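Data block below; observations after.
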Amino acid sequence: MNGGVKKKIVKEIKVNVDKCTGCRACELSCSAFHATPRYGSINPARARIRVFIHERADLYVPVRATNYTPAECSGRQSYIIDKKEYSQCSFCGASCPSRDHFKEPDSGLPLKCDMCEDEPPLSEPLCVQACTFGALVYEETFEEERKGEEEKPEELQTGLESLANRYGHKKVADAVVRMSISRKD
Amino acid sequence: MRYGETGFNLEIDLSLGSIDRVETDPKLTELHLGGQGTADRILWDRVPPEVEPFSPDNVLIFSSGLLVATHVPGANRTVVNTFSSQTNLHAHSLLGGYFGAELKHAGYDKIIIRGKSADLVYLWINNNRVEIRDARHLRGKGCQETAEQIKRDLKSDKIQVAAIGPAGENRVNMASIDHSHSSASRGVGSIMGDKRLKAIAIRGTRDINIASPGELFEMCQNLRKSISENQYVGDWMATDEDDSFHHNNFSWGNARVRRRDFWSQELEERWRNLKYKYMSRQTSCYNCPKVCHNVISFPGRPTFSYKCYGKDTYHMAAFQELDFSFDILGVSQEYGLDSYSTPQVIAFALELYEAGILKDQDFPGMPNDTGQRFFYLLEKIVHREGIGDILANGVSLAAQQIGNGAEAFDHNTIKRFEQLPIKLGRLNPVYFLMLATGEKMAITQIEGSFPQDPLPTREQREEFVKGWVSVPDEKFKKYFLEWEKRDTISNEASCAICDWNEAMHYLDDATGLCGFLSSFRGGQFGGRSAYHIHNMPPLISLATGMKMDEKLLWETFQRNRTLVRALNVRRGMRRIDERPPEDHWAIRDDAYEQRLLDDYYQFKGWNKDGIPTKETLDKLGLDYVGEDFLKRGILNDNEDTSAGPEKKA
Chain A
-13 MNGGVKKKIV KEIKVNVDKC TGCRACELSC SAFHATPRYG SINPARARIR
37 VFIHERADLY VPVRATNYTP AECSGRQSYI IDKKEYSQCS FCGASCPSRD
87 HFKEPDSGLP LKCDMCEDEP PLSEPLCVQA CTFGALVYEE TFEEERKGEE
137 EKPEELQTGL ESLANRYGHK KVADAVVRMS ISRKD
Chain B
66 MRYGETGFNL EIDLSLGSID RVETDPKLTE LHLGGQGTAD RILWDRVPPE
116 VEPFSPDNVL IFSSGLLVAT HVPGANRTVV NTFSSQTNLH AHSLLGGYFG
166 AELKHAGYDK IIIRGKSADL VYLWINNNRV EIRDARHLRG KGCQETAEQI
216 KRDLKSDKIQ VAAIGPAGEN RVNMASIDHS HSSASRGVGS IMGDKRLKAI
266 AIRGTRDINI ASPGELFEMC QNLRKSISEN QYVGDWMATD EDDSFHHNNF
316 SWGNARVRRR DFWSQELEER WRNLKYKYMS RQTSCYNCPK VCHNVISFPG
366 RPTFSYKCYG KDTYHMAAFQ ELDFSFDILG VSQEYGLDSY STPQVIAFAL
416 ELYEAGILKD QDFPGMPNDT GQRFFYLLEK IVHREGIGDI LANGVSLAAQ
466 QIGNGAEAFD HNTIKRFEQL PIKLGRLNPV YFLMLATGEK MAITQIEGSF
516 PQDPLPTREQ REEFVKGWVS VPDEKFKKYF LEWEKRDTIS NEASCAICDW
566 NEAMHYLDDA TGLCGFLSSF RGGQFGGRSA YHIHNMPPLI SLATGMKMDE
616 KLLWETFQRN RTLVRALNVR RGMRRIDERP PEDHWAIRDD AYEQRLLDDY
666 YQFKGWNKDG IPTKETLDKL GLDYVGEDFL KRGILNDNED TSAGPEKKA
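Chains as they are written, first to last, in our numbering: chain A, -13 to 171; chain B, 66 to 714.
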């Protein structure tokens, strides 16, 4: 009954915003890697990683494209971290209608970071390779992933008890009988 | 399909309000590469010598270098060329940051601006959509403030802006054009201000194509790594706080006093603490593995960025300390002023006051403290108020206007441009040639490939030449090995070295490579430049698909350099103008210097007056220049090619 425990690789890019110098080599390299032919053209607007830069406020935040969202957030948050004010958007990787990041400039189709998936796999995503200042560090960690069902009698008991408390024992018992007849197993 | 370059220029006429997108001639890329090289061909074709710098017919060109926006690390320079209101000669300036890359991604290699707007405007370049927009609400705003306002107005943080401050608006000759943490100096801000162009804003989302993708990428991956690890490129003063080099060797005040024992451990410690207390971070230009900008937020002042000697110029001119520079730089950078020449203009004014040539009434309400006087004069100059209106023209023109013996205090300019304040004892002949004949106006734009001074022992010299990859020819190693005393080096060597130093700058300015990785950080300070004559040709070929080798590249340098000479000669420059200041070195020998200049002119293929001969021009494919010179009587039909004293013109 106990399904095999599989290990899942979690790919993480650790971003140190204090080390970012704003060179944007990550953007350039990312766009080049995903071009056709590979490295054949360059266009930071096509990059799956963008660096939010505000020189005078000293904001340098590299952020990776994550998911597409059809609607922007209602309202915004801003964060004051170590006396600097960051907009919530600068940490967000969404391809979002409120801005033109993470969209193909010609078609508007969303861009999503795939960690430079390739065959054979790259040692590190290209943005990490391009960063010579240590602002992007690649790490692979293993997470256990549970496959298959496991018996948890306590859970069953607790679940039934809460149903019984809500509907009464008789109704729960009747329901189980009806289910058994229809399922015939 | 074009590779590397976009193949289009943007033509703006501010008088008519017209905007045109014009395809470029690939032949010109072959002949001049790009950047300053192709820009100067445009200036030759379109701006006759009688055009005054403040005329609407003067042309202001912003060029992205040929390799900018490709994989090549450190290829990010925008070149700004026009004719200068201070020198009346060719003006050449550079800015880094992201501007050049954004211009290319918008689909343009150059922005060519002619005419003059009726009132203050800014240019908004958004890929195919280009607009001339009202900038009256930006009048008087500082450079960074303008950039931030435009980004808010146009609702995008991804826009790159180059702007002038009030100094440029008021046509101050020392005005700069500022973008991000970069600044274009040497006289271009006043022309942009004269045309009433407050700023250029760019957003570009188009592709730049690469001819040999995989090969260029691999070569650049290796370059990125080696540059990152190479301590001999980039700004060593970003991490090394020992600045005895500038403080003990350069001159203080209006290039007057050398303080050989100024630097100390205690001072270094104190200044290191000051820097790190107020520095928020160090930043890079686009696609560069080095970090050169030190970003300082000094209490009560706008945030600014400096690199290298840029932090010293104000306090050395004012006999103060680093905190003074930190205090004033935020103000001056936001005004948009060249931090090399402005302090000298101010020091010059104070000298005239101390000498009694300028009087109390020329400085109404000026404080007594020297530091405060600098702030006072800064305001006067930026707003062209009172004596500031004269000082805003630069030292040479101001001296002429003030008269009364003021000209004697104009002792550190060449061709009316303020030089770096260094007055040494013994002359380095190569430096004599570079200062006399360099036409990018400052020594920093010509020096770099060959060391400034000999190494004391033969063993040290042999060690140095061992890893010296960048030499175009083994003879340069021989010259260095045999060089024992600064002022003792053959004319033959001096000419070849000056030529090589200059070559690398011209190639950087056509390709858009930063001098800190290339022409400026060569033999001087280490001898391990990342870019040199051997690796530039393959990089150019792989990026653009052009056939390129060392010989072709060297010819391109000669062509580009000779064209600049031609531009200046046509505007009246002659041998008589090629004189470093009399007191530039304590020990002079005029006969020797003039013989050296003769030899250099001959080496370059110029006649005795420093004019390129018809033969030289024809050889470089600049026959149209020769024809123009003949028509104007600048050259005669029976001009001989030799600059030797035994022949007569």
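Even for Gly, the Cβ is constructed at its ideal location relative to N, Cα and C.
It should be emphasised that the depicted structure is a prediction, and the values quoted were computed from it without experimental measurement.
- For residue 446(B), the three-state secondary structure derived from DSSP is helix.
- The beta carbon of residue 507(B) is closer than 8 Å to those of 251, 405, 482, 484, 485 in its chain, skipping five residues each way along the sequence.
- The C-alpha of residue 73(A) lies about 11 Å from the C-alpha of residue 67(A).
- Counting only runs of 4 or more residues that sit fully inside the region 455 to 520 of chain B, the alpha helix (DSSP H) segments are 460 to 467, 494 to 502, in chain order.
- Here the region 556 to 567 of chain B makes contact with the region 483 to 502 of chain B; the two share three or more CB pairs at distances below 8 Å.
- Secondary structure note for residue 148(A): its alpha helix (DSSP H) is the uninterrupted segment 139 to 153.
- Judged by pairs of C-beta atoms under 8 Å, the region 608 to 620 of chain B does not touch the region 438 to 451 of chain B, as fewer than three such pairs exist.
- Taking a Cβ-Cβ cut-off of 8 Å, the neighbours of residue 289(B) in chain A comprise 11, 116, 118, given in sequence order.
- With contacts defined as CB atoms closer than 9 Å, residue 376(B) and residue 391(B) qualify as a contacting pair.
- With contacts defined by Cβ atoms closer than 9 Å, residue 240(B) and residue 228(B) do not form a contacting pair.
- A Cβ-Cβ separation of about 4 Å places residue 475(B) in contact with residue 464(B) under the 8 Å criterion.
- Taking a cut-off of 8 Å on C-beta distances, the region 101 to 111 of chain A does not touch the region 77 to 92 of chain A, as fewer than three cross pairs fall below it.
- Taking a Cβ-Cβ cut-off of 7 Å, the neighbours of residue 353(B) in chain A comprise 9, given in sequence order.
- Buried is the label assigned to residue 595(B), since at least 16 other Cβ atoms lie within 10 Å of its Cβ.
- Chain-order list of chain A residues neighbouring residue 273(B): 27, 28, 29, by C-beta distance under 8 Å.
- Following the DSSP letters along the chain, one finds residue 320(B) in no beta strand (DSSP E), marked with neither H nor E.
- Cβ-Cβ distances below 6 Å link residue 350(B) to 141, 161, 162 in the same chain, with the five nearest sequence neighbours on each side left out; the list follows chain order.
- As the crow flies, the alpha-carbon of residue 635(B) is around 15 Å from that of residue 625(B).
- Within the model, the alpha-carbon separation for residue 559(B) versus residue 324(B) is close to 29 Å.
- Residue contact with chain A for residue 282(B): present (Cβ-Cβ distance below 9 Å to some residue of chain A).
- A distance of 9 Å or more separates the beta carbons of residue 41(A) and residue 30(A).
- Annotation for residue 648(B): 476, 488 place their beta carbon closer than 8 Å to its own, counting only its chain and skipping 5 residues before and after.
- Taken through DSSP and simplified to helix, strand or coil, residue 76(A) comes out as helix.
- Neighbourhood of residue 454(B) in chain A, by CB distance below 7 Å: empty, with the nearest CB roughly 31 Å away.
- Interface flag for residue 521(B) against chain A is unset, since no Cβ pair is found closer than 9 Å.
- Within chain A, 28 have C-beta atoms less than 7 Å from the C-beta of residue 134(B), given in sequence order.
- Within the model, the alpha-carbon separation for residue 492(B) versus residue 563(B) is close to 14 Å.
- At least one CB atom of chain A sits nearer than 9 Å to the CB of residue 356(B).
- From the listed residues 205(B), 77(B), 674(B), 89(B), the smallest Cα separation to residue 190(B) is found for 77(B).
- DSSP places residue 407(B) within a helical segment (H, G or I) once states are collapsed to three.
- Taking the Cα of residue 159(B) as reference, the smallest distance to any Cα among 247(B), 627(B), 234(B) is reached at 247(B).
- Nearest in C-alpha terms to residue 368(B), of all of 423(B), 301(B), 688(B), 347(B), is 347(B).
- The distance from the Cβ of residue 581(B) to that of residue 308(B) is about 17 Å, inconsistent with a contact at the 8 Å cut-off.
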